[in-house]
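Engineer: Okay, so the sequence shown: first residue is 80 according to this note's numbering, each after it adds one.
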Amino acid sequence: MEIHITKSGDKTIYIPSLDETYHSRNGAISESNHVFIQHGINRTKGDINILEIGFGTGLNALLAAQESKKQNRKIFYHTLEPIPVPNHLLEQLNYYQTIEGKGLFKKIHEVKWESIEQVTDNFTIHKTEKKLEYVSLGDAQYDVVFFDAFAPKKQPELWDRTIFNKLFKSVRQNGILTTYSAAGKLKRHLKSAGFLLENPPGANGKREMSVAIKK
Ligand SMILES: C[S@@+](CC[C@H](N)C(=O)[O-])C[C@H]1O[C@@H](n2cnc3c(N)ncnc32)[C@H](O)[C@@H]1O
Numbered sequence: 080m081e082i083h084i085t086k087s088g089d090k091t092i093y094i095p096s097l098d099e100t101y102h103s104r105n106g107a108i109s110e111s112n113h114v115f116i117q118h119g120i121n122r123t124k125g126d127i128n129i130l131e132i133g134f135g136t137g138l139n140a141l142l143a144a145q146e147s148k149k150q151n152r153k154i155f156y157h158t159l160e161p162i163p164v165p166n167h168l169l170e171q172l173n174y175y176q177t178i179e180g181k182g183l184f185k186k187i188h189e190v191k192w193e194s195i196e197q198v199t200d201n202f203t204i205h206k207t208e209k210k211l212e213y214v215s216l217g218d219a220q221y222d223v224v225f226f227d228a229f230a231p232k233k234q235p236e237l238w239d240r241t242i243f244n245k246l247f248k249s250v251r252q253n254g255i256l257t258t259y260s261a262a263g264k265l266k267r268h269l270k271s272a273g274f275l276l277e278n279p280p281g282a283n284g285k286r287e288m289s290v291a292i293k294k
């Protein structure tokens, strides 16, 4: 893993062997805000349970925690990550502008794997150091799924039909799955799992992303 600076000046992680970055090369915070906050959290109301596929740098978790305070809503955040980013790289990321943001980012990362901790009045996190394929998810548990795996071409096994069938079961009625991708295969799998599909414009000028709704 290496540090990569996006065109917006914020940093992300780059995996040379996959030639893949953890976020859009045009901007990490702008992408996370658009895909996961605007088209995830902001499409729901009240207290919610979120499932994240791929904790990575913890950027989505940080933005969700900040949003829970701003909107005064309680968020329970279950995140999965089989390969945690090492501390020496996390320390170089620049996702916060304030001392408060820095403290929150640190607190989120200090939560141990396989434990559940209340990080702020409104934000509780459950960190699971496992692959989605090996985690059993309860039925109708989550209001929002942040599907933030590596790109379909780089990690096809995570964009398989069986994965979206599993996630559909774990989502509550009117719950949503949001992801930056709008690949044709993904659209077909989401629909065949039972989701209604929307494809709004993606982040940073990307033509489309996907929002799947369980009606
Ligand atoms: C695009 S990056 C995620 C970015 C992350 N949400 C962030 O804000 O930094 C994809 C993440 O999925 C993780 N991942 C890889 N295989 C996985 C699997 N089978 N199940 C869950 N997560 C996986 C990777 O290790 C990586 O951290």
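From the three backbone atoms N, C-alpha and C, an ideal C-beta is built for every residue, glycine too.
Where in the region 200-278 do unbroken runs of the alpha helix (DSSP H), each at least 4 residues long, occur, reported from the N-terminal end onward?
Structural biologist: If we require 4 residues or more, the alpha helix (DSSP H) runs fully inside the region 200-278 come out as 240-249 and 263-272.
Engineer: Taking the straight line between their C-alpha atoms, what separation do you get for Pro235 and Pro95?
Structural biologist: For the purposes of this step, residue 235 is taken as residue 156 along the sequence shown, with counting starting at 1. For the purposes of this step, residue 95 is taken as residue 16 along the sequence shown, with counting starting at 1. Distance between the alpha carbons of Pro235 and Pro95 is about 18 Å.
Engineer: Thr306: buried (16+ other C-beta within 10 angstroms of its C-beta) or exposed?
Structural biologist: Outside the shown range of the chain, which is 80 to 294, sits residue 306, and nothing can be said about it.
Engineer: Taking the alpha-carbon of Pro231 as reference, which of Lys86, Tyr156, Ile132 and Lys264 has the nearest alpha-carbon?
Structural biologist: Counted from its first residue, the sequence shown places residue 231 at position 152. Checked all of Lys86, Tyr156, Ile132 and Lys264; the closest Cα to Pro231 is Lys264.
Engineer: Examine the Cβ distances between the region 153-168 and the region 122-130 and report whether three or more of them are shorter than 8 Å.
Structural biologist: In short, these stretches touch, since the Cβ pair count reaches three.
Engineer: With DSSP as the reference, identify every bridge partner of Asn166, one or two as the case may be.
Structural biologist: On the sequence shown, position 87 is the one that residue 166 refers to. Answer by DSSP bridge pairing: none, since Asn166 is not bridged.
Engineer: In chain order, what residues of the same chain lie with their CB nearer than 6 Å to the CB of Tyr93, ignoring the 5 residues before and after it?
Structural biologist: Position 14 of the sequence shown, counting from 1, holds the residue named residue 93. If we look at Tyr93 and ignore the five residues flanking it on each side, its Cβ neighbours are Glu81, His83 and Thr100.
Engineer: In this structure, does DSSP put Asn139 in helix, strand or coil?
Structural biologist: The sequence position of residue 139 within the sequence shown is 60, counting from 1. DSSP places Asn139 in helix when its eight states are reduced to three.
Engineer: What residue range does the alpha helix (DSSP H) around Leu183 cover?
Structural biologist: Residue numbering aside, residue 183 sits at position 104 when the sequence shown is read from its first letter. Unbroken alpha helix (DSSP H) run through Leu183: Ile178 to Glu189.
Engineer: In angstroms, rounded to a whole number, what distance separates the CA positions of Pro280 and Ser215?
Structural biologist: Walking along the sequence shown from the start, residue 280 turns up at place 201. Walking along the sequence shown from the start, residue 215 turns up at place 136. Using only the alpha carbons, I get a separation of about 32 Å.
Engineer: By Cβ distance below 6 Å, which residues in the same chain neighbour Ser203 in space, the five residues on each side in sequence not counted?
Structural biologist: For the purposes of this step, residue 203 is taken as the residue at position 124 of the sequence shown. According to the sequence provided, residue 203 is Thr. The question's Ser does not apply to it. The residues are Phe155 and Gln197.
Engineer: In angstroms, rounded to a whole number, what distance separates the CA positions of Ile242 and Glu212?
Structural biologist: Residue 242 sits at position 163 when you count from the first residue of the sequence shown. Residue 212 sits at position 133 when you count from the first residue of the sequence shown. If you take the alpha carbons of Ile242 and Glu212, they lie about 7 Å apart.
Engineer: Going by alpha carbons, who is nearest to Ser271 out of Leu169, Lys293 and His113?
Structural biologist: Translated into positions along the sequence shown, residue 271 becomes position 192. Checking every option, the nearest Cα to that of Ser271 belongs to Lys293.
Engineer: Going by the CB atoms, is the gap between Ala219 and Arg251 shorter than 7 Å?
Structural biologist: Reading the sequence shown from its first residue, position 172 is the one you call residue 251. Reading the sequence shown from its first residue, position 140 is the one you call residue 219. Closer than 7 Å, so yes.
Engineer: Sort Gly135, Ala143 and Ala261 by Cα distance to Lys209 and report the nearest one.
Structural biologist: Locating residue 209 in the sequence shown gives position 130, counting from the first residue. Ranking Gly135, Ala143 and Ala261 by Cα distance to Lys209 puts Gly135 first.
Engineer: Going by the CB atoms, is the gap between Gly106 and Thr85 shorter than 7 Å?
Structural biologist: Position 6 of the sequence shown holds residue 85. Position 27 of the sequence shown holds residue 106. Yes, the pair counts as a contact, with Cβ atoms nearer than the cut-off.
Engineer: In chain order, what residues of the same chain have a beta carbon less than 7 Å from the beta carbon of Gly217, not counting five sequence neighbours either side?
Structural biologist: Position 138 of the sequence shown holds residue 217. Cβ neighbours of Gly217 beyond the five flanking positions: Ser249.
Engineer: Given that a residue counts as buried once 16 or more other Cβ atoms are within 10 Å of its Cβ, and exposed if not, what is Asn139?
Structural biologist: In the sequence shown, the residue the question calls residue 139 occupies position 60. With 16 or more Cβ atoms within 10 Å of its Cβ, Asn139 is classed as buried.
Engineer: As a quick exercise: from Ala282, Leu269 and Thr258, pick the residue whose alpha carbon is nearest that of Ile132.
Structural biologist: Here residue 132 corresponds to residue number 53 of the sequence shown, with the count starting at 1. Among Ala282, Leu269 and Thr258, the Cα nearest to that of Ile132 belongs to Thr258.
Engineer: Going by beta carbon distance, what residues of the same chain come within less than 7 Å of Gly78, once the five residues before and after it are set aside?
Structural biologist: Any question about residue 78 goes unanswered here, given that the chain covers just 80 to 294.
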